[in-house]
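**Q** My questions all concern the structure below.
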DNA sequence: TCATTTATTGAACGCTGTTCAGTTTATATA
DNA sequence: TATATAAACTGAACAGCGTTCAATAAATGA
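Protein chains in written order, with the UniProt record's numbering: chain L, 1 to 201; chain W, 1 to 201.
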């Protein structure tokens, strides 16, 4: 029942986002509640609704940050122009990233907007930015630089990898070890690329 | 606050399961609440807890039913012994199934047990049963009938397909049409199989 | 007929997202 | 400087959630 000047709007926004990230890292989606975030920054839950439309928006921003992190990590892989080598390196960077950020990575796919709510454009751009890294690594395989099958293959690999990691993580694949997950991911990439080469060359 | 003899335990169980399925079909996971299911069968929420340990168990049983349905549908595909042909047919059956049962299919992957809770064995068996259909179709590609890479490839295809359909469904792939989803799925299968053939033969 | 077991319920607990009247403070204006 | 306006913030409230449980009533066994 007061107005405080501890933090201005931007500071508060940053505080809330950091709190949300911290919670997501430690407790995942289930801990990401308005009252939880608010308590962590010393404000009431209602205050969050001055900064964000709703909780979904907060989750979306956390996820956008994760996509950016992933983009930066994958961006560190220096492309050699040899797709097989480059994709392998991207894959390892991807697996390392999700190994070290498993709760954030889960949130990326566990959080869903209500039915019929489209993803905002600024969020879609984050996805496209990651996909473009894959496209760049795959491009040398195709005759033209922006062959439609290049975009398609980037999406196949991205979503397939997601499926493998998600089901393996949820223990829904009748597999045993973390090594098995890596083996699945590598088999996907190796065979898919070998298939591309065989069919195109 | 009474005892009723409208239904015995088994009938009640069946009623609750059917109600849960109906709700899942129409409203997905978000509509699958104890009070919702109870209202639909004319009992109170507490009664459900005589039949099931908790809501998760109900969701698990709905999902087991969906896996059985999927298994039956895929089982209708007559295997020719030609992996490419057979896998293509299985893929089409799979895509048809999830096209006609999208909410049930989503529940299969949206619902998660609390952290650290293992899937019960009877549920894992349902997954294994579906995977074995894929293994049977892939088997002719490998020298021995139960080559380890055959099991592995079945898991790669199953989880990759899941990833493609899930991300496409959530509109997280920057794709446009349902046809694009089919194209991704077919690209996965075609290239993966071509790769297997190239590497093994 | 009476005791025991079983089925069922409604109320309750502690959560959830979200809204909002009410209050306090900062800022702009006169 | 005094006053009006705007902005920030809170606590309580609402309707919902999963789950538990004392109380009740009916069915069953003795």
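All C-beta atoms, glycine included, are put in the ideal place defined by N, C-alpha and C.
Can you list, in chain order, the residues of the stretch 155 to 178 of chain W whose Cβ is nearer than 8 Å to any Cβ on chain L?
**A** Listed by position, the residues of the stretch 155 to 178 of chain W near chain L (Cβ gap below 8 Å) are 155, 156, 158, 159, 160, 161, 162, 163, 164, 166, 167, 168, 170, 171, 172, 173, 174, 175.
**Q** For the stretch 119 to 138 of chain W against the stretch 137 to 152 of chain L, are there 3 or more C-beta pairs whose distance is under 8 Å?
**A** Not touching, per the Cβ criterion.
**Q** Are the CB atoms of residue 63 (chain L) and residue 107 (chain L) within a distance shorter than 8 Å?
**A** Yes; because the gap between Cβ atoms is below 8 Å, this pair is in contact.
**Q** Among L:44, L:176, L:170, which has the Cα closest to the Cα of residue 116 (chain W)?
**A** Residue 116 (chain W) has its Cα closest to that of L:170, out of L:44, L:176, L:170.
**Q** Could you pull out every residue in the same chain whose Cβ sits closer than 6 Å to the Cβ of residue 184 (chain L), ignoring the five residues on either side in sequence?
**A** These residues qualify, in order along the chain: 164.
**Q** Rounded C-beta distance between residue 188 (chain W) and residue 160 (chain L)? I'm assuming under 8 Å.
**A** That belief holds up - the Cβ atoms of residue 188 (chain W) and residue 160 (chain L) are roughly 6 Å apart, short of 8 Å.
**Q** Quick one: which chain W residues come within Cβ less than 9 Å of residue 190 (chain L)?
**A** Near residue 190 (chain L) (Cβ distances below 9 Å), the residues of chain W are 195, 199.
**Q** What number of angstroms, rounded off, separates the C-alpha of residue 60 (chain L) from the C-alpha of residue 7 (chain L)?
**A** Residue 60 (chain L) and residue 7 (chain L): Cα-Cα distance of roughly 23 Å.
**Q** Considering only their Cβ atoms, is the gap separating residue 155 (chain L) from residue 131 (chain L) smaller than 8 Å?
**A** Going by C-beta atoms, residue 131 (chain L) is nearer than 8 Å to residue 155 (chain L).
**Q** Please report the distance separating the alpha-carbon of residue 157 (chain W) from that of residue 168 (chain L).
**A** The straight-line gap from Cα to Cα measures roughly 13 Å.
**Q** Does the pairing of the stretch 45 to 55 of chain L with the stretch 80 to 94 of chain L give three or more beta-carbon distances under 8 Å?
**A** No, because fewer than three Cβ pairs between the stretch 45 to 55 of chain L and the stretch 80 to 94 of chain L fall closer than 8 Å, the two stretches do not touch.
**Q** Could you check if residue 133 (chain L) is buried or exposed, using at least 16 other CB atoms within 10 Å of its CB as the buried criterion?
**A** It counts as buried.
**Q** The alpha helix (DSSP H) that contains residue 141 (chain L), what's its start and end?
**A** Looking at the DSSP string, residue 141 (chain L) is not in any alpha helix (DSSP H), and its letter there is neither H nor E.
**Q** Counting C-beta neighbours from all protein chains within 10 Å, is the total for residue 105 (chain L) 16 or more, i.e. buried, or is it exposed?
**A** Buried, because 16 or more other Cβ atoms sit within 10 Å of the Cβ of residue 105 (chain L).
**Q** Could you spell out where the alpha helix (DSSP H) holding residue 28 (chain W) opens and where it closes?
**A** From DSSP, residue 28 (chain W) is part of no alpha helix (DSSP H); its letter is neither H nor E.
**Q** By the DSSP assignment, the alpha helix (DSSP H) with residue 160 (chain L) in it spans what residues?
**A** 148 to 169 is the extent of the alpha helix (DSSP H) around residue 160 (chain L).
**Q** Of the residues that make up the stretch 126 to 156 of chain L, which ones have a beta carbon closer than 8 Å to any beta carbon in chain W?
**A** So the close ones are 127, 128, 131, 149, 152, 153, 155, 156.
**Q** In terms of residues, what are the limits of the alpha helix (DSSP H) holding residue 78 (chain W)?
**A** Premise fails: residue 78 (chain W) is in no alpha helix (DSSP H) and is neither H nor E.
**Q** Alpha carbon to alpha carbon, how far is residue 85 (chain L) from residue 180 (chain W)?
**A** Between residue 85 (chain L) and residue 180 (chain W), the C-alpha separation is close to 28 Å.
**Q** Should residue 145 (chain W) go down as buried or exposed, given a rule of 16 or more other Cβ atoms within 10 Å for buried?
**A** Label assigned to residue 145 (chain W): exposed.
**Q** Using only alpha-carbon positions, find the residue among W:148, W:25, W:42 that is nearest to residue 12 (chain W).
**A** Of the listed residues, the one whose Cα sits closest to residue 12 (chain W) is W:42.
**Q** What does residue 112 (chain W) touch in chain L if you count any residue whose Cβ is under 7 Å from its own?
**A** Within chain L, the residues near residue 112 (chain W) are 170.
**Q** Whole angstroms is fine: what's the gap from residue 44 (chain L)'s alpha carbon to residue 17 (chain L)'s?
**A** The straight-line gap from Cα to Cα measures roughly 15 Å.
**Q** Expressed to the nearest angstrom, what Euclidean distance is found between the alpha-carbon atoms of residue 174 (chain L) and residue 127 (chain W)?
**A** Roughly 8 Å between the two C-alpha positions.
**Q** Taking the C-alpha atoms as reference points, what is the distance between residue 67 (chain W) and residue 101 (chain W)?
**A** So the two alpha carbons sit approximately 11 Å from each other.
**Q** In angstroms with no decimal places, state the Cα-to-Cα distance between residue 75 (chain W) and residue 69 (chain W).
**A** Approximately 10 Å between the Cα atoms of the pair.
**Q** For residue 21 (chain L) versus residue 65 (chain L), is the C-beta distance shorter than 8 Å?
**A** Yes, these two residues count as a Cβ contact at 8 Å.
**Q** Does the CB of residue 120 (chain L) have a neighbour CB from chain W at under 8 Å?
**A** False, the Cβ-Cβ gap to chain W never drops below 8 Å.
**Q** Report yes or no: is there a C-beta of chain W within less than 8 Å of the C-beta of residue 183 (chain L)?
**A** Yes, its Cβ sits closer than 8 Å to a Cβ of chain W.
**Q** Output the boundary residues of the alpha helix (DSSP H) element that contains residue 181 (chain L).
**A** Per DSSP, residue 181 (chain L) belongs to the alpha helix (DSSP H) from 178 to 200.
**Q** Check each candidate in W:196, W:182, W:125, W:114 and name the one with the smallest Cα separation from residue 31 (chain L).
**A** Among W:196, W:182, W:125, W:114, the Cα nearest to that of residue 31 (chain L) belongs to W:114.
**Q** Please list, in chain order, the chain W residues whose beta carbon lies closer than 8 Å to that of residue 187 (chain L).
**A** 149, 152, 153, 156, listed in chain order.
**Q** Mind checking the stretch 81 to 108 of chain W against chain L and listing, in chain order, the residues whose C-beta falls within less than 8 Å of any C-beta there?
**A** Taking 8 Å as the Cβ-Cβ cut-off against chain L, none of the residues of the stretch 81 to 108 of chain W qualify.
**Q** Rounding to the nearest angstrom, what Cα-Cα distance links residue 19 (chain W) and residue 37 (chain W) in this structure?
**A** Whole-angstrom Cα-Cα distance: 6 Å.
**Q** State buried or exposed for residue 78 (chain L), treating a residue as buried only when at least 16 other CB atoms are found within 10 Å of its CB.
**A** Under this definition residue 78 (chain L) is an exposed residue.
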